[in-house]
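These notes are about the structure you will find just below.
Protein chains: 2
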Amino acid sequence: MIAVTKTNVFPKIEDKTEREEGTVFAPNFDAHGLLPVIVTSAKTGEVLMFAFMNAQALALSIETGEAHYWSRSRKSLWRKGETSGNTQRIVEMRTDCDQDVIWLKVEMTGAEACCHTGRRSCFYRAIPTGDAPGAALSLVWVDAERHFDPDAVYGHGAAAKGTLKSS
Amino acid sequence: MIAVTKTNVFPKIEDKTEREEGTVFAPNFDAHGLLPVIVTSAKTGEVLMFAFMNAQALALSIETGEAHYWSRSRKSLWRKGETSGNTQRIVEMRTDCDQDVIWLKVEMTGAEACCHTGRRSCFYRAIPTGDAPGAALSLVWVDAERHFDPDAVYGHGAAAKGTLKSS
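Residue numbers (my numbering), protein chains in the order written: chain A, 155 to 321; chain B, 155 to 321.
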């Protein structure tokens, strides 16, 4: 479904203990050659976005210290901010116990906004808890002000075309 | 591949603008009926773990305020802490722009540890940046002390059997 880069420079580890308790970085890509990436603000700690990296995006992120992703909708490598100017400098990069997830702490440049809707974070709505979900459940806006105008940045209607998620 | 619960109480929204700019919660489950879930500490902001919810786990989490997940390895609903006692009370729950990711801010009980290896967070190793990845790349331990003994909690060898990730 998704093309996997041919430049996978990362080793593989089959042994579970070695993968969890060792210092060899052997990212465990999924069947599509991708790793989920959690992106948080180094300044505030909030979750900014969720994306994917293939081996090439991962290698470029490590080498340059600038966040690169794999866009599943556009099926292409994507340097965060290449259109919007809102790039991400990687302050810290971590992997999880079984090395199949990446956590990036980043500093944002430009409008300091991350979501293609113009908001700082993609997570601008809360889900109320305490009652069984049903017709009465209504999302609550949180930190939802826009930091840039998506139509001005991406061109009129670009966001509505569905080709953008974060940028 | 993975059984989808029959109790999906959530509506569907096809219109992109409505999904991004509305207050109807219409989670956009993937082809396996799952949503990725980012779990952070409400106290420290750190990322604790990454997991998945099916519709049933999502509905139970919303109703009870206690984190429930879908275990892909065990193919079963999983109330976090049911074995280890390290449950997660949901302080805030959010969704992202296109409603296909969940972010939970939680308070941990018990040993205040989340990872099946006994550590507070699953993300206990950093990936150095600034050089192209290669043989010299070595992960760096960060916040890696164990808060409980996995063999004592899960039974000798349980962790090594590969049936646990977080618990």
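Just so you know, even glycine gets a beta-carbon here, dropped at the ideal spot from N, CA and C. Quick caveat: nothing in here was measured; it's all calculated off a predicted structure.
With H, G and I counted as helix, E and B as strand and the rest as coil, what does DSSP make of A209 (chain A)? helix
Determine, using beta carbons only, whether V307 (chain A) comes closer than 7 Å to chain B. no
Using the beta-carbon count (16 or more within 10 Å), is V296 (chain A) buried or exposed? exposed
Quickly, what does DSSP pair A196 (chain B) with across the bridge? List them, please. Paired residue(s): none; A196 (chain B) is not in a bridge.
So with Cβ pairs under 7 Å, would you call D250 (chain A) a contact of chain B? yes
Please classify R228 (chain A) as buried or exposed, where buried requires at least 16 other C-beta atoms within 10 Å of its C-beta. exposed
Go through its chain and collect everything with a Cβ distance to D254 (chain B)'s Cβ below 6 Å, but skip five positions before and after it. N182
Compare the beta carbon distance of A196 (chain B) and E266 (chain B) with 7 Å and say whether it is the shorter of the two. no
Proximal chain B residues relative to P190 (chain A), where beta-carbon distance stays under 8 Å: P190 and F204
Excluding the 5 residues preceding and the 5 following R279 (chain B) in the sequence, name in chain order all residues of the same chain whose CB lies nearer than 8 Å to its CB. L293, V294, W295, V296 and A298
C-beta neighbour in chain B for R243 (chain A), strict 7 Å: no
Please name the residue in B:R273, B:V193, B:H222 and B:E200 whose C-alpha comes closest to that of M207 (chain B). B:H222
Using a Cβ-Cβ cutoff of 8 Å, what residues of the stretch 260 to 272 of chain B are near chain A? List them in chain order. C269, H270 and T271
Among B:A180, B:R300, B:P304 and B:R274, whose alpha-carbon lies nearest the alpha-carbon of T198 (chain B)? B:R274
Could you name the residues of chain B that W224 (chain A) contacts, counting a contact when the two beta carbons are closer than 8 Å? The contacting residues do not exist; W224 (chain A) stays about 15 Å from chain B at best.
To the nearest angstrom, how far is the alpha carbon of M247 (chain A) from that of D252 (chain B)? 25 Å
What residues of chain B sit near G187 (chain A), judged by a beta carbon separation below 7 Å? Within 7 Å Cβ-Cβ: nothing; G187 (chain A) doesn't reach chain B, min ~16 Å.
Which same chain residues end up closer than 7 Å to L291 (chain B) when comparing Cβ atoms and leaving out the 5 residues on each side of it in sequence? P282
E246 (chain A) versus chain B: which residues are under 7 Å apart at the beta carbon? A280
Assign I244 (chain A) to one of three DSSP states: helix, strand, or coil. strand
What first and last residue would you give for the beta strand (DSSP E) that runs through E261 (chain B)? I256 to M262
Mind checking if A213 (chain B) is an interface residue toward chain A, Cβ cutoff 7 Å exclusive? yes
Y308 (chain A) lies in the alpha helix (DSSP H); which residues open and close that run? P304 to Y308
For T177 (chain A) and chain B, any beta-carbon pair shorter than 7 Å? yes
For F204 (chain A) and F277 (chain A), the rounded distance between their alpha carbons: 10 Å
Candidates A:S225, A:D303 and A:R300, of which the one nearest L189 (chain A) by Cα: A:S225
Answer with yes or no whether the minimum CB distance from L293 (chain B) to chain E is below 7 Å. Looking for chain E here will not work: the only protein chains present are A and B.
With 16 other Cβ atoms within 10 Å as the buried cut-off, status of E174 (chain B): buried
Under 6 Å Cβ to Cβ from G239 (chain A), same chain only, skipping five residues before and after it: list those, please. G264
Would you give the residue range spanned by the beta strand (DSSP E) that R233 (chain A) belongs to? S230 to R233
Does the beta carbon of W232 (chain B) come closer than 7 Å to any beta carbon on chain A? no
At least one CB of chain B closer than 7 Å to the CB of P304 (chain A): is that the case? no
From what residue to what residue does the alpha helix (DSSP H) around E174 (chain A) run? K170 to E175
For S225 (chain A), list the residues DSSP reports as bridge partners. A:S230
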